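Protein chains in written order, with this note's numbering: chain A, 76 to 328; chain B, 2 to 303; chain C, 576 to 881.
Where is the CB? At the ideal position from N, CA and C, for every residue including glycine.
From a predicted model like this one, the values you see are computed outputs, not experimental measurements.
Here is the structure we will look at.
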């Protein structure tokens, strides 16, 4: 518990996490509000309300990466390891705090977007959260943000530099995953196993493909079930994170 | 107490620290000296468990740093005053450090007061001058009221009052029975601060001894003499000692190779009046230059 | 020669430098001392024309900096070793400086050699250690072979060999007849380096004198005496009205007397002397004595324990 408090103090005693959280909420809720206000021809589906969650995901991952890389940038990692020399426990405590916080931001973002859509959409008859799938579409955003944060923490601890870690994350998520789709023959097969593509299937995936509005989002059904998709994404995050712990433990601080 | 045994650190093919063994005793201020690149920082980082030794070990009070449960209560260190998040307040910085070792928050205010930062405790550390950052670093080192203290260039950026303050402070910490280990390049300052010295060059131990002994071993003591009958004194000393003119304009002589008492007796038995008879000790700088000549990495052309 | 006359600088309501007048003579190393916030940096910046005085003026060889024809040929300064573009090589940095004042490229190689950076001249300055940056800054100051040199904390980041080197270097420059003004917080170092001192506090001149005078004026001078007949000599000195204290090792500390007087008294009565050394106060003691009230910021010597 002590170390959780330590990481909480660290995170909230600088301004950048606050800005990141505000930005994540502003981007997702704000853009959803615009979409909802302009959704006129048909009843707005639940998926329409969480369509923007990826913007927030990138911001939250940047925040998580910063939580580690700024420690290296400003040398406080040495003070941290001086204070707790086993190294693993402060890194785990940091992960718990950052992952929980990211999950909460995800929930706030998803339910905020959904609530605002309910208020703004002309026809909100389809927005009601009636099925387990509806709940997954919205609450699942919290889980994806949490797992994404864990992945970013791992990358941050491995790379140690803010610019490097942030570019790796963004370039991979925004460029690499779409570009691999263009590789002839095997592109599609590779793409459907890419972590962020799979993660989006957890949010958007629906056993009933007709639930996806025209042109919105990737094909609904991937290789895995929605929960299997989340397990895949979270598994990759966990592996990268554990590798980073092993490296941090062995490497000179 | 800090004890290094066969401590070695390689970075690839470079040997930064080479089979280094030494002991830092409690109750004294021990200076840690060496030219640039001698391996001082690496050694300090290994003491704190930040770098892993390639061979040998170093213990604090008989234990590996990494096996200490609440290490800030045993060892306090100031290695680099800039190791602070610039957007975090001084107080928040100390608060998370304190919390990590279950040190009460009240102690944070105590150490802030000790180093004179109470008034600026809420300001972001990034806006601090080097001197204020240095004080913050010292506050961090004192948090756990530790028995062993490590300082790397503690007077860096401090003004004369700050320099005097930290010197007296280190003396008092040692007088309380703590182990104080200070690395510095400022030999004129270290001569006044450190009672013991550990000197390294190219990662190897050059000397471990008291400051006094270190200077005495490496420099020659001389005697400065002024007298209204200097010529006669000079004749008497001829053949018994080496005599040179002092660089000062007061016409003093510098006598090598004899004790001041010998000159005093000689003068008295010949009725020569003395106006000055001062033993001149070598400086720490001279001694250091003498002993580290071969291990300096980098020579400037004259 | 540097001459400040009634130099004053205000930032809003704060008076950084307050009617400051002093002279820095050629042929000597002059130390520029003062507590933090005393106005040293502001004064140096005004000497170099970087800050404009609110009133008064400062002249270099009779002219304000801005009116110097080719300033680098008259004044060389090292104010902050980090004022170098990190991705430019040491050589390129000096080359543009040289060009700006019509100095030949050859001079760049000369100064690089003087400070011992020839081997790393082509490397980017951002990768330099603080000590190397400091040497590069000094090389820049020397480019124009100037008659007046200003250094701000020149030993910062240097190792013992570098510190010795720069001290001898500055003394060498002064011996060539140049004017050398050095600001520093390291009094034990300045005591070895500076022949003259300009001391300021809260923007005002506290003292301008030689280092020896400065120390003698503000600390008590005593003489340490050892003798096999210490009791007899001590009694005679007390009779003469001097204060004598006996130390634990049997030596005497005499206040109020010159060593010459004590020597004369000893010789007149056939007392053998084993030591007769004038004890001088330190520059630090003198400085603390004189600037006691002008320090902005006092840290308390509180108890360390709980």
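Helix, strand or coil at residue 317/A according to DSSP, with G and I counted as helix: On the first chain, position 242 is the one that residue 317/A refers to. The answer is helix: DSSP assigns residue 317/A an H, G or I state.
Where the beta strand (DSSP E) containing residue 183/B begins and where it ends: By 1-based counting over the second chain, the position of residue 183/B is 182. Element bounds for residue 183/B: 180-184.
Beta strand (DSSP E) segments (min. 3 residues) lying fully within the segment 73-142 of chain B: 76-79
Segment contact flag, the segment 39-48 of chain B with the segment 104-120 of chain B, C-beta cutoff 8 angstroms, min 3 pairs: no
Reduced DSSP secondary structure (H/G/I, E/B, other) of residue 280/B: The sequence position of residue 280/B within the second chain is 279, counting from 1. Correct three-state label for residue 280/B: strand.
Contacts of residue 93/B in chain A (Cβ-Cβ under 9 angstroms): For the purposes of this step, residue 93/B is taken as residue 92 along the second chain, with counting starting at 1. Under the 9 angstroms cutoff, chain A gives 84, 85, 87, 88, 89.
Beta bridge counterpart(s) of residue 82/A as assigned by DSSP: What you label residue 82/A is simply residue 7 of the first chain in a count that begins at 1. Note: residue 82/A sits in no beta bridge, so no partner.
Span separating the alpha-carbon of residue 876/C from that of residue 74/B: Within the third chain, numbered from 1, the residue matching residue 876/C stands at position 301. Within the second chain, numbered from 1, the residue matching residue 74/B stands at position 73. Caution is warranted here: a pLDDT of 38 is assigned to residue 876/C, below 50, making its placement in the model unreliable, and the coordinate value is therefore given only provisionally. Going by the C-alpha atoms only, they are around 21 angstroms apart.
Cβ contact check for the segment 156-166 of chain B and the segment 84-103 of chain B: 3 or more pairs under 8 angstroms: no
Pair within 8 angstroms by beta-carbon distance, residue 174/A and residue 141/A: Counting from 1 along the first chain, the entry for residue 174/A is found at position 99. Counting from 1 along the first chain, the entry for residue 141/A is found at position 66. Going by C-beta atoms, residue 174/A is not nearer than 8 angstroms to residue 141/A.
CB-CB length for residue 615/C against residue 793/C, believed under 8 angstroms: Residue mapping note: residue 615/C aligns to position 40 of the third chain, counting from 1. Residue mapping note: residue 793/C aligns to position 218 of the third chain, counting from 1. That pair is no contact at about 20 angstroms.
Bridge partners - residue 756/C, DSSP secondary structure assignment: As a first step, residue 756/C must be located in the third chain, where it is residue number 181. DSSP lists 605/C, 725/C as partners of residue 756/C.
Partner residues on chain B for residue 277/A, Cβ-Cβ distance less than 7 angstroms: Position 202 of the first chain, counted from the first residue, corresponds to residue 277/A. Residues of chain B passing the Cβ test: none, with the nearest at roughly 35 angstroms.
Which residues DSSP lists as bridging residue 853/C, in chain order: On the third chain, residue 853/C is found 278 positions in, with the first residue counted as 1. Bridge partners of residue 853/C: 798/C.
Spatially closest choice to residue 152/B from 68/B, 76/B, 258/B, 268/B, by CA coordinates: Taking the second chain and counting its residues from 1, the one referred to as residue 152/B is at position 151. Nearest option by C-alpha distance: 76/B.
Three-way DSSP call (helix, strand, coil) for residue 674/C in this model: What you label residue 674/C is simply residue 99 of the third chain in a count that begins at 1. Three-state result, residue 674/C: helix.
Against chain C: residues of the segment 187-214 of chain B by CB proximity under 7 angstroms: 187, 188, 189, 190, 193
Contact check, residue 716/C vs residue 689/C, beta carbons under 8 angstroms: Here residue 716/C refers to the residue found at position 141 of the third chain. Here residue 689/C refers to the residue found at position 114 of the third chain. The answer is no: Cβ separation not under 8 angstroms.
Residue 835/C at chain B interface by Cβ criterion, 8 angstroms: Walking along the third chain from the start, residue 835/C turns up at place 260. Judged by the 8 angstroms Cβ criterion, residue 835/C is in contact with chain B.
C-beta atoms of residue 227/A and residue 139/A nearer than 8 angstroms: As a working note, residue 227/A is residue 152 in the first chain. As a working note, residue 139/A is residue 64 in the first chain. Yes, these two residues count as a Cβ contact at 8 angstroms.
Proximity test, Cβ basis, 8 angstroms: residue 796/C and chain B: By one-based count along the third chain, residue 796/C stands at place 221. For residue 796/C, the answer is no, since every Cβ of chain B falls outside 8 angstroms of its Cβ.
Separation of residue 736/C from residue 133/A, as counted between CA atoms: Along the first chain, one-based indexing puts residue 133/A at 58. Along the third chain, one-based indexing puts residue 736/C at 161. One C-alpha to the other measures close to 51 angstroms.
Counterpart residues of residue 577/C in DSSP-defined beta bridges: Position 2 of the third chain holds residue 577/C. For residue 577/C, which the question treats as bridged, DSSP gives the partners 599/C, 635/C.
Contacts around residue 649/C, its chain only, beta-carbon distance under 8 angstroms, and the 5 residues preceding and following it disregarded: Here residue 649/C corresponds to residue number 74 of the third chain, with the count starting at 1. For residue 649/C, where only same-chain residues beyond five positions count, the Cβ hits under 8 angstroms are 635, 636, 643, 719, 721, 722, 723.
Close-in-space but distant-in-sequence residues of the same chain around residue 275/B (CB under 6 angstroms, 5 per side omitted): For the purposes of this step, residue 275/B is taken as the residue at position 274 of the second chain. Same-chain partners within the cutoff: 228, 268.
Alpha-carbon to alpha-carbon, residue 831/C and residue 208/B: In the second chain, residue 208/B corresponds to position 207, counting from 1. In the third chain, residue 831/C corresponds to position 256, counting from 1. Distance between the alpha carbons of residue 208/B and residue 831/C: 42 angstroms.
The segment 175-189 of chain A in contact with the segment 207-227 of chain A per 3-pair CB rule at 8 angstroms: yes
Neighbour-count burial assignment, residue 252/B, 16 or more Cβ in a 10 Å radius: Here residue 252/B refers to the residue found at position 251 of the second chain. Result: exposed.
Reduced DSSP secondary structure (H/G/I, E/B, other) of residue 33/B: Numbered from 1 along the second chain, position 32 holds the residue referred to as residue 33/B. Strand at residue 33/B.
Any alpha helix (DSSP H) of 4 or more consecutive residues that is wholly inside the segment 235-283 of chain B: 261-270
Residue 97/B burial status per 10 Å Cβ neighbour count (16 or more: buried): For the purposes of this step, residue 97/B is identified with residue 96 of the second chain, where counting begins at 1. By the 10 Å Cβ count, residue 97/B comes out buried.
Distance CB(residue 305/B)-CB(residue 257/B) smaller than 8 angstroms: Look at the range of chain B in this structure, 2 to 303, and you will see that residue 305/B is not part of it.
Neighbour list for residue 153/B in chain C, Cβ cutoff strictly below 8 angstroms: As a working mapping, residue 153/B is identified with position 152 in the second chain. None at all; the shortest Cβ gap to chain C is about 13 angstroms.
Spatial distance of residue 639/C from residue 576/C (CA atoms): Stepping through the third chain from its first residue, residue 639/C is reached at position 64. Stepping through the third chain from its first residue, residue 576/C is reached at position 1. One C-alpha to the other measures close to 12 angstroms.
Residue 78/A versus 155/A, 149/A, 100/A, 116/A, residue with shortest Cα-Cα distance: In the first chain, counting from the first residue as 1, residue 78/A sits at position 3. Answer by Cα proximity: 155/A.
Close Cβ partners of residue 96/A (< 6 angstroms) along its chain, the five nearest in sequence each way excluded: Numbered from its first residue, the first chain carries residue 96/A at position 21. Once the five neighbours on either side are set aside, the close Cβ partners of residue 96/A are 180.
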